[in-house]
Amino acid sequence: TVKSTAKILYGIYICLSLLELLLLLVGKMPMFDALTLTFGTAGTGGFGIKNDSFGSYSTYLQGVVTVFMILFGINFNVYFLFYMKKPKEALRCEEARWYLGIIAASILVITFFVRDFFDSLFLAFHHVAFQVASIITTTGFATVDFNLWPTIPKTILVLLMFIGACAGSTGGGIKVSRILILLKTVKKELIQLLHPRSVRRIQIDGKAIEHEVVRSTNVYMGV
Numbered sequence: 001t002v003k004s005t006a007k008i009l010y011g012i013y014i015c016l017s018l019l020e021l022l023l024l025l026v027g028k029m030p031m032f033d034a035l036t037l038t039f040g041t042a043g044t045g046g047f048g049i050k051n052d053s054f055g056s057y058s059t060y061l062q063g064v065v066t067v068f069m070i071l072f073g074i075n076f077n078v079y080f081l082f083y084m085k086k087p088k089e090a091l092r093c094e095e096a097r098w099y100l101g102i103i104a105a106s107i108l109v110i111t112f113f114v115r116d117f118f119d120s121l122f123l124a125f126h127h128v129a130f131q132v133a134s135i136i137t138t139t140g141f142a143t144v145d146f147n148l149w150p151t152i153p154k155t156i157l158v159l160l161m162f163i164g165a166c167a168g169s170t171g172g173g174i175k176v177s178r179i180l181i182l183l184k185t186v187k188k189e190l191i192q193l194l195h196p197r198s199v200r201r202i203q204i205d206g207k208a209i210e211h212e213v214v215r216s217t218n219v220y221m222g223v
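In structure tokens, the structure reads:
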């Protein structure tokens, strides 16, 4: 039922929050900081309590928040399927795979361009991963002033801000699923130009999407 599903989803949200809180406390973050920053991460609201956001915290604490920003940006339906012991269906989630793929590709490209801004390649990767996770989930935390970075990394970050996280997550943005539907629509139209008699339906996770959903998504993107 809807009621029991909602309880499970809230339970997942609370468990993830408690796990992050525990890991932050293990890293010797003060309780007040750990609580407020956990709430900011879980809700992807990014309400920092320091002027430098996350800049003065340790590499470990920044790493923990990086991971949880990404986790809270994943469609909670994936966690629900894992909870219901349906790992194959969970791993089949196309949106989540694209979301993680976009994050990985963005981190690698930006790290290449800003590697000289940091003392080591590891630090470059670490701070870029934090910024990418923060921007794509619209959380808003920061560890460095990325406005000083070259044009290409800044452009990628702006695009990530528009793309956003997954539908059914706490993240903002247009959502990866809508971007995915748009790309599949373009592909379908191009194929039909080459093969006018072909009949194709847009699918996500192996399931056909209703025309009304595709239409409303394209109207939303157009607006």
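Numbering (my numbering), first residue to last: 1 to 223. Cβ coordinates follow ideal geometry from the N, Cα and C atoms, glycine included.
When the beta-carbon positions are compared, TYR57 and THR143 come within less than 9 Å of each other.
The Cβ-Cβ distance between SER169 and PHE72 falls below 9 Å. Rounded to whole angstroms, the separation of the alpha carbons of ILE70 and HIS126 is 14 Å. About 5 Å separates the beta carbons of LEU61 and GLY27, which is inside the 8 Å limit, making them a contact pair. The three-state reading of DSSP puts ALA167 in coil, since its state is none of H, G, I, E or B. Remark: C-beta atoms of LEU19 and ALA34 do not approach each other more closely than 9 Å. ALA142 carries a coil assignment under DSSP once its states are collapsed to helix, strand and coil. From the listed residues ILE103, VAL223, SER53, the smallest Cα separation to ASP145 is found for SER53. If you draw a straight line from the Cα of THR66 to the Cα of GLY164, it is about 15 Å long. In this structure, ILE135 is the residue among ILE179, THR139, ILE135, VAL176 with its C-alpha nearest to the C-alpha of MET161. Shown here, LYS207 sits in a strand according to DSSP, grouped into three states. Taking the Cα positions, ASN51 is about 17 Å away from PHE130.
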